[in-house]
Amino acid sequence: MYESDLQDRVSSSIIDGKVSSLNLSITDNEFAVIVDIGETDAAYTADEARELATSLKSISDQRWDVENDDIVEYLRDLADVVDNEKSVDEVEEKWESREVDILLC
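Below, the structure written as structure tokens:
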């Protein structure tokens, strides 16, 4: 996948486990997924967000001692909103009752 410089910085930092925080959201117009790692953020199309999710799943399974399936699933859910496959309300309802404790690495 081709990544812009910002996307490369964000995804590399996440994959390397070198982030102080991680905030996943969508833009107000629901056209892109925003991945914010504290120091910087980047916008991703739905397909790019799914590719990032796939990379995170692979790295998490291979290198990290913790399971981060919730990050991957939430990222994919946000991509579905961008693609109009799910509504914001559906995703909010799905995640509001879940207690999520996510570690990066």
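Residue numbering for the sequence shown follows my numbering, starting at 1464 and increasing by one per position.
Backbone N, C-alpha and C fix where the C-beta goes; we use that ideal spot for every residue, glycine too.
Excluding the 5 residues flanking K1557 on each side, which residues of the same chain have their C-beta closer than 8 Å to its C-beta?
In the sequence shown, the residue the question calls residue 1557 occupies position 94. Result list for K1557: D1540, in chain order.
What's the C-alpha gap between E1466 and E1559?
Numbered from 1 along the sequence shown, position 3 holds the residue referred to as residue 1466. Numbered from 1 along the sequence shown, position 96 holds the residue referred to as residue 1559. When rounded, the distance between both Cα atoms is 31 Å.
Range covered by the alpha helix (DSSP H) that runs through A1542:
Taking the first residue of the sequence shown as 1, we reach residue 1542 at position 79. Residues 1532-1545.
Same chain, Cβ closer than 7 Å to I1565, five either side skipped, listed in chain order
As a working mapping, residue 1565 is identified with position 102 in the sequence shown. Because the pLDDT of I1565 is 49, which lies under 50, any placement of that residue in the model is unreliable, and the question is left without a value.
By the DSSP assignment, the alpha helix (DSSP H) with S1476 in it spans what residues?
Along the sequence shown, one-based indexing puts residue 1476 at 13. First-last of the alpha helix (DSSP H) with S1476: 1468-1478.
Quick check: the Cα distance between S1474 and L1515, rounded to an integer number of angstroms?
In the sequence shown, residue 1474 corresponds to position 11, counting from 1. In the sequence shown, residue 1515 corresponds to position 52, counting from 1. For S1474 and L1515, the distance between alpha carbons rounds to 7 Å.
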